[in-house]
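When the count follows the working numbering, it moves up by one through the sequence shown with no breaks and lands on 113 for the last residue.
Note that beta-carbon positions come from the ideal geometry of N, C-alpha and C, so glycine has one too.
These numbers were taken from a predicted model, which means no experiment stands behind them.
The structure under discussion appears below in the form of structure tokens.
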Amino acid sequence: MRQDAVYPPFARLCALRVEGVKEAAVAGAAEGMRSAASGLLARGAAGLSLLGPAPAPLARLRGRYRHQMLVKAAGRANLKAMLALVAGLRDAFYARGHAGLTLIIDMDPSAIM
Numbered sequence: 001m002r003q004d005a006v007y008p009p010f011a012r013l014c015a016l017r018v019e020g021v022k023e024a025a026v027a028g029a030a031e032g033m034r035s036a037a038s039g040l041l042a043r044g045a046a047g048l049s050l051l052g053p054a055p056a057p058l059a060r061l062r063g064r065y066r067h068q069m070l071v072k073a074a075g076r077a078n079l080k081a082m083l084a085l086v087a088g089l090r091d092a093f094y095a096r097g098h099a100g101l102t103l104i105i106d107m108d109p110s111a112i113m
């Protein structure tokens, strides 16, 4: 079942979470990352898929709002493409100067909370 749905251990996951005190800024930054990811994927990152962004299951924790997106790589062969995509998203996030926001990158997360 996990193999059919392309989930670990048959795939690699990367959780990208944006956190901040202003919900609108967090949601906007997460959507901006989605747009950047779509552009990068259009350039030929076969075997990768995106889920989200959406509010994290614990959408507000310690006064900070959290939105997340998952990148899935179908198999180990696509790991290099996944890492390139994540690096591009990280660079795009910080190039936009999101003051007061934090980007957390979690490769193969043990929990997605």
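Original post:
Any idea which residues DSSP pairs P8 with across the strands?
Top reply: Beta-bridge pairing links P8 to no other residue.
Original post:
Applying the criterion that 16 or more other CB atoms from any shown protein chain within 10 Å of the CB defines a buried residue, is R43 buried or exposed?
Top reply: Classification for R43: exposed.
Original post:
Can you tell me the Cα-Cα spacing of G39 and A92, whole angstroms?
Top reply: Taking the straight line from one Cα to the other gives about 11 Å.
**OP:** Please state whether DSSP places V26 in a helix, a strand or coil.
**Re:** Helix.
Original post:
Candidates F10, L101 and P9: which alpha carbon is nearest Q68's?
Top reply: Per the C-alpha coordinates, the member of F10, L101 and P9 positioned closest to Q68 is L101.
**OP:** Mark K21 as exposed unless 16 or more other C-beta atoms lie within 10 angstroms of its C-beta, in which case mark it buried.
**Re:** Looking at the sequence provided, one finds Val at residue 21 rather than Lys. V21 comes out exposed.
**OP:** Using the Cα positions of A29 and V18, report the straight-line distance between them to the nearest angstrom.
**Re:** Approximately 7 Å between the Cα atoms of the pair.
**OP:** Pick helix, strand or coil for G39, following the three-state DSSP scheme.
**Re:** Helix, per DSSP.
**OP:** Could you have a look at L13 and say whether DSSP puts it in helix, strand or coil?
**Re:** DSSP places L13 in strand when its eight states are reduced to three.
Original post:
According to the neighbour-count rule (16 or more other Cβ atoms, all chains shown, within 10 Å of its Cβ), is G97 buried or exposed?
Top reply: Classification of G97: exposed, given that the 10 Å Cβ count is below 16.
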